[in-house]
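Chemist: Before we start, here is the structure in question, set down as structure tokens.
Residue numbers (our numbering), protein chains in the order written: chain A, 1 to 281; chain B, 1001 to 1281.
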């Protein structure tokens, strides 16, 4: 059946030859910022939906999968994470998850487009619930430049919570950027970046990302897999890099985490590390 | 953007408030059988597509995820599986995976609609590559009746590879059917059934399925999660039931499996057993 754009928001994925659609109730907001076009819809079953330049960014219903998997595996892979930086992440969902870790002393969110954060405060208030935490700091500016200028060894965790590697986020998927990340992280530091669909982007993005991270100086890297219904193929990945074995994590601490999640737990973390057979081909 | 049905095959999912679409090249076949309407399309990136009564059944590109996860976890959860029965599974993809296990001596496929198998032979020949294996037997008839009449303890593995629990497959999701399965399986027997989307169907299908399996006499049951891009939400599950701990499996045998897969391996099996936090709520 034809999916009319009066009833559905549809995102076609060229490289997938597929599309994902959400049944919409109404458009709540539409704005061209200095950087991108941001649309907000209410949907019938997914709560609110944020779209940037035609691509689904997040929905109220399923963002917990992405935000939990972008934060907790990296934090539990570090022996004692205190200082975190989020590049992108303007919706503040990742920030909220990071701040659940009691040992974290400071989180800086470096988002290029302040409007993303202002609209998230309005349309996704639950994701911004920790924005007033005294440990949270907001800087609206260029993440690539920030990383170039940051002091060596000044950060424990870098989370690259960006849009796809086309447009403004392209420079976040390069060896040059990872080299800056490697310098800014201490010896035990951990980098994590969203790395697209295991089915659609293994050859075009995931494998090149590993190559670039290793070339930039990281001794180890691994991709974790998780479901993300609103992204192309419904199957997504986050890639960890570090100077130590990033398959190892504080499993007992994860089992006894002093906060609630909806998807993540120690077994899910371990399971997300399992690599499909076709990855080794 | 509007997805026109001249360019896309779209399957809306009412309970999800979402839709999945594949870019199509042409319709290759359209037939009303005694049981259902079967359409076959060629797509731009997913190979051939089979649709039954408007629902995506399988594509050439991503069926390996479903077929491997419907077969290998069950077979490696049994100490010595020799006799298997597939209820449904007319496309023969599950049959092909089961026959990869050298210890399997006999597999009976009980599919109600012979046309599914004939069309799969024509449009998905790679899935039917093992149909001439002397260990494979085909019976075209009612799986519920077959199970009612089968001898106690005559089967090691039952795989319920059916359509959704509406229409002809409804009776396959009942305690009465599971009670027959329990009788037909030996003490070490294992049942596995596709059990829909963890995100969309946890309350409506997955949890009731566990309740019905336990009520039917099975001592244990567990749902395994895996990606399946062409099904609603892109995240799917298969539920195992048995009289022993079905979280345990022949891990070493799985690590040393004498056949190739594209997704399944021992780590993926273990990972698929991880239960999301929201499952325990």
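All C-beta atoms in this analysis are idealised placements derived from N, C-alpha and C, irrespective of residue type, glycine included.
1) Of the choices 1037/B, 1122/B and 1041/B, whose alpha-carbon is the least far from that of residue 1027/B?
2) Thinking C-alpha only, which one of 275/A, 15/A and 181/A is nearest residue 154/A?
3) For the segment 1258–1276 of chain B against the segment 1220–1227 of chain B, are there 3 or more C-beta pairs whose distance is under 8 Å?
4) Measure the alpha-carbon distance for residue 50/A versus residue 1014/B and round it to whole angstroms.
5) Closer than 7 Å, CB to CB, is residue 236/A near chain B or not?
6) Beta carbons nearer than 8 Å to chain B: which residues of the segment 2–36 of chain A have them?
7) Kindly give me the distance between the Cβ atoms of residue 1090/B and residue 1113/B, rounded to whole angstroms, as I take these residues to be in contact under 8 Å.
8) So residue 1042/B is in the beta strand (DSSP E); what residue range does that whole segment cover?
9) Taking only runs of the beta strand (DSSP E) that begin and end inside the segment 1136–1170 of chain B, which ones reach a length of at least 3 residues, in chain order?
10) With hydrogens ignored, establish whether the beta-carbon of residue 1197/B is closer than 6 Å to any heavy atom of the ligand FAD.
11) Would you kindly work out how many angstroms separate the C-alpha atoms of residue 1095/B and residue 1261/B, rounded to a whole number?
12) Can you pull the chain A residues whose beta carbon is under 7 Å from the beta carbon of residue 1268/B, in chain order?
13) Residue range of the alpha helix (DSSP H) that residue 1067/B falls in?
14) If you measure between the beta carbons of residue 1220/B and residue 1246/B, is that distance less than 7 Å?
15) With DSSP as the reference, label residue 1188/B as helix, strand or coil.
16) Have a look at residue 31/A and residue 107/A and give me their C-alpha separation to the nearest angstrom.
17) Would you verify that the beta carbon of residue 1073/B is, or is not, closer than 7 Å to some beta carbon of chain A?
18) Please state the DSSP three-state secondary structure of residue 1055/B.
19) Under three-state DSSP, which class holds residue 49/A?
20) Within 10 Å of its beta-carbon, does residue 1004/B have 16 or more other beta-carbons around it, so buried, or fewer, so exposed?
21) Taking the continuous beta strand (DSSP E) assigned at residue 1106/B, which residues delimit it?
22) Should residue 34/A go down as buried or exposed, given a rule of 16 or more other Cβ atoms within 10 Å for buried?
23) Rounded to whole angstroms, what is the Cα-Cα separation between residue 178/A and residue 210/A?
24) In whole angstroms, what separates the C-alpha of residue 1212/B from that of residue 1165/B?
25) If the cut-off is 7 Å on Cβ atoms, which residues from the segment 227–254 of chain A count as contacting chain B, listed in chain order?
26) Across the segment 188–198 of chain A and the segment 236–244 of chain A, are there enough close Cβ pairs to call them in contact, namely three or more that are closer than 8 Å?
27) With 16 other CB atoms within 10 Å as the buried threshold, where does residue 1278/B fall?
28) Could you tell me which of 1134/B, 1066/B, 1118/B and 1145/B sits nearest to residue 1269/B, measuring between CA atoms?
29) Counting only beta-carbon atoms, is residue 44/A nearer than 7 Å to chain B?
30) Beta-carbon separation of residue 78/A and residue 190/A under 7 Å?
31) Run through the DSSP bridge pairs and tell me what residue 1031/B is partnered with.
32) Given a threshold of 16 other Cβ atoms within 10 Å of its Cβ, counted over all protein chains shown, does residue 1216/B qualify as buried or as exposed?
33) Give the DSSP-derived three-state secondary structure of residue 247/A in the structure shown.
34) Find the residues of chain A that neighbour residue 1265/B, judging by a C-beta separation of less than 7 Å, and give them in chain order.
35) Could you tell me the boundaries of the beta strand (DSSP E) in which residue 88/A lies?
36) Around the C-beta of residue 68/A, are 16 or more other C-beta atoms found within 10 angstroms, so that it is buried, or is it exposed?
Modeler: Reading it off the structure:
1) 1041/B
2) 181/A
3) yes
4) 21 Å
5) no
6) 2, 3, 4, 5, 8, 10, 12, 15, 16, 17, 18, 19, 20, 21, 22 and 23
7) 6 Å
8) 1037–1043
9) 1136–1140 and 1155–1161
10) The ligand FAD is not among the ligands present in this structure, which contains no ligands whatsoever.
11) 14 Å
12) 274 and 276
13) 1063–1076
14) yes
15) strand
16) 28 Å
17) no
18) strand
19) strand
20) exposed
21) 1106–1111
22) exposed
23) 10 Å
24) 14 Å
25) 227, 229, 233, 234 and 235
26) yes
27) exposed
28) 1066/B
29) yes
30) yes
31) 1038/B
32) buried
33) coil
34) 277
35) 83–88
36) buried
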